Amino acid sequence: TFPGSPKWRKTHLTYRVENYTPDLPRERVDSAIEKALKVWEAVTPLTFSRLPEGEADIMISFAAGEHGDFYPFDGLGQSLAHAYPPGPGFYGDVHFDEDEKWTLGSSGTNLFLVAAHELGHTLGLFHSDKKEALMYPVYNFSRNPTQFQLSQDDIDGIQSLYGPHPYSGVSVVPTTSVSPRPEIPTKCDPSLSFDAVSTLRGELLFFKDRYLWRLSRWNPEPEVHLISAFWPSLPSHLDAAYEANSKDSVFIFKGTQFWAVQGSEVQAGYPKSIYTLGFPPAVRKIDAAVSDKDTKKTYFFVDDQYWRFDEKRWLMDKGFPRLIKDDFPGIEPQVDAVLQAFGFFYFFHGSSQSEFDPNARMVTHTLKSNSWLLC
Amino acid sequence: YPLQGAVRQDPPSMDFAQHYLEKYYNLEKNEKQMFRRKESSPVVKKIQEMQKFLGLEMTGKLDSNTMDVMLKPRCGVPDVGGFS
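Same order as they appear, the protein sequences are chains L and Z. For the first sequence, our numbering gives the first residue as 1378, with consecutive numbering after it. For the second sequence, our numbering gives the first residue as 65, with consecutive numbering after it.
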């Protein structure tokens, strides 16, 4: 923290984007700032709301060279941005160097990464000497947004000021602890079940509570991440998820809402209501979803029934719902998650998993749900 | 990293390093001992302080590893002290 550990004395803070860089569309700037705020919101009791005008706690601006605070920017490169610790007036404000080339990717300077770092300052964090920390002073795109995760050093720092998120298990770690996140589900727990499972650009994602396991062909060991590390605006404890390859999107469901994500970006206009997909009002949540890559048909499982959705026409097929047991013999109702792989459908139910051959229309194997996690 | 590209063609001057230490590590602006090799030199100590903070080997010299890190884009908030 800064000397004297300045912090906000309230948990709801306002922010305003005073002006915009011409490097990016305004909505992308807004989205990057919002995503950066959610990084901190996810691990503290802090909440943020945007003011369209007037004086906000956190005033955000882009400026080049001398810009009125006696800390002039220095053109392209070197100093990218600076921010002030919590307090009134210019304190808590964030200034981005307009001479940088602001982007949302790996070229130029990634606005989300820099914003998340600078907002750490506005909340009271000083620089960290831990290279893996977001608050390390040197820009490093290896912390790229698709792999973004607060380090434990960042979490310890911010929680030393504000405490943990009221609904999260991520808390201040005792100094002697070697296990920073004891609430992470144990991947080889024989009773482990999943909330949802999906593919994503050739990888497999297994969702559980606030976490996901990521299994890629490049890393034989499953990686565990906070869902919020990839998509800060998504809820935890998801109901269902599936990838629509033709749209390069993963659709994620919780309750009567669903979100579309492309890579690390939650698409604008979401969440949407599941009723826009054609579900009747009696459906209050989706148990599981899977999209057949070949037919472009998506199957939604709800209790003992399933619906079939046409991704090309973006319409529910007629003649549904049907009973799961009629078309997927051997599969029990109340499916947790479904995955398509190697020509089979894998139905997850509690700690068990049924491998279903759609051609033979029969269950060919029964496995533990966590068999995918090398257990 | 265009700045790194520039390094190979035109090594940065010691003025750059001095400016960096002044800006981010609170080096006194009137310090004139930049090239003094004594380990007790305030500048050498400042370089070591910077190297320690940035996770570099504490040589007290502006070696290539140190310069590489110094030339990378970074946050404008000082690592030592603060805005005054």
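By construction, the Cβ of each residue, glycine as well, lies at the ideal position given by its N, Cα and C atoms. Every value quoted in this text rests on a predicted model; they were computed, and no experiment measured them.
Is there a Cβ of chain L sitting closer than 8 angstroms to that of residue i, yes or no?
i, result
"L120 (chain Z)", "no"
"D143 (chain Z)", "yes"
"K110 (chain Z)", "no"
"K93 (chain Z)", "no"
"G140 (chain Z)", "yes"
"P137 (chain Z)", "yes"
"V133 (chain Z)", "yes"
Within 10 Å of its beta-carbon, does residue i have 16 or more other beta-carbons around it, so buried, or fewer, so exposed?
i, result
"S1483 (chain L)", "exposed"
"T1388 (chain L)", "exposed"
"D1572 (chain L)", "buried"
"S78 (chain Z)", "Before going further, note that residue 78 (chain Z) is Met rather than Ser in the sequence given. M78 (chain Z) is exposed by the Cβ-count criterion."
"Y84 (chain Z)", "buried"
"P1399 (chain L)", "exposed"
"W1479 (chain L)", "buried"
"P1514 (chain L)", "buried"
"N1747 (chain L)", "buried"
"F1447 (chain L)", "exposed"
"G1497 (chain L)", "buried"
"A1737 (chain L)", "exposed"
"E1688 (chain L)", "buried"
"W1691 (chain L)", "exposed"
"M1739 (chain L)", "exposed"
"A1375 (chain L)", "The displayed coordinates of chain L run from 1378 to 1752. Any statement about residue 1375 (chain L) would go beyond what the structure contains."
"Y1588 (chain L)", "buried"
Using a Cβ-Cβ cut-off of 8 angstroms, state whether residue i counts as contacting chain Z.
i, result
"A1460 (chain L)", "yes"
"L1390 (chain L)", "no"
"H1614 (chain L)", "no"
"H1542 (chain L)", "no"
"H1494 (chain L)", "yes"
"N1396 (chain L)", "no"
Among residues of its own chain, excluding the 5 on either side of residue i, which ones have a beta-carbon nearer than 8 angstroms to its beta-carbon?
i, result
"K1384 (chain L)", "T1378, P1463, L1500, G1501, L1538 and Y1539"
"F1518 (chain L)", "S1483, N1487 and L1490"
"G1485 (chain L)", "D1400, E1477, K1478 and W1479"
"R1661 (chain L)", "G1632 and T1633"
"M122 (chain Z)", "Q112, Q115 and K116"
"D1680 (chain L)", "D1664, P1710 and Q1711"
Excluding five sequence neighbours on each side, which residues of the same chain lie with their C-beta closer than 6 angstroms to the C-beta of residue i?
i, result
"L1761 (chain L)", "With chain L covering 1378 to 1752 only, the question about residue 1761 (chain L) has no answer from this structure."
"G145 (chain Z)", "N90"
"N1596 (chain L)", "none"
"A1637 (chain L)", "S1626, F1628, Q1644 and Y1647"
"K87 (chain Z)", "none"
"K1412 (chain L)", "F1489 and P1609"
"D1470 (chain L)", "M1436 and Y1461"
"D1616 (chain L)", "F1630, K1631, K1662 and I1663"
"H1494 (chain L)", "L1511"
"E1404 (chain L)", "none"
"D1434 (chain L)", "L1390, T1391 and G1469"
Kindly list the residues whose CB is nearer than 7 angstroms to the CB of residue i, restricted to its own chain and excluding five residues on each side of it in sequence; keep chain order.
i, result
"V1394 (chain L)", "V1406, D1407, I1410 and I1437"
"G124 (chain Z)", "E103, V108, I111 and Q112"
"F1705 (chain L)", "F1733"
"S1456 (chain L)", "F1450 and D1474"
"L1577 (chain L)", "E1620 and V1627"
"Q1526 (chain L)", "H1602, L1603 and A1606"
At a Cβ cut of 7 angstroms, what residues of the segment 1499–1516 of chain L count as close to chain Z, listed as they run along the chain?
Those would be H1504, D1506, K1508, P1514, V1515 and Y1516, in chain order.
Could you tell me which uninterrupted alpha helix (DSSP H) segments, each at least 4 residues in length, are contained entirely in the segment 1702–1733 of chain L, listed from first to last along the chain?
none
Output the residue ranges of the alpha helix (DSSP H) runs that lie fully inside the segment 1614–1692 of chain L and measure 4 residues or longer, sorted by chain position.
none
Unbroken alpha helix (DSSP H) runs of length 4 or more, entirely within the segment 1568–1610 of chain L: which are they?
Runs of the alpha helix (DSSP H) inside the segment 1568–1610 of chain L: 1604–1607.
Beta carbons nearer than 9 angstroms to chain Z: which residues of the segment 1460–1486 of chain L have them?
A1460, Y1461, P1462, H1472, D1474, E1477 and T1486
Alpha helix (DSSP H) segments (min. 4 residues) lying fully within the segment 1431–1507 of chain L
1488–1500, all fully within the segment 1431–1507 of chain L.
Taking a Cβ distance cut-off of 9 angstroms, strictly less, list which residues of the segment 1428–1459 of chain L are near chain Z, in chain order.
D1446, F1447, Y1448, F1450, D1451, L1453, G1454, Q1455, S1456, L1457, A1458 and H1459
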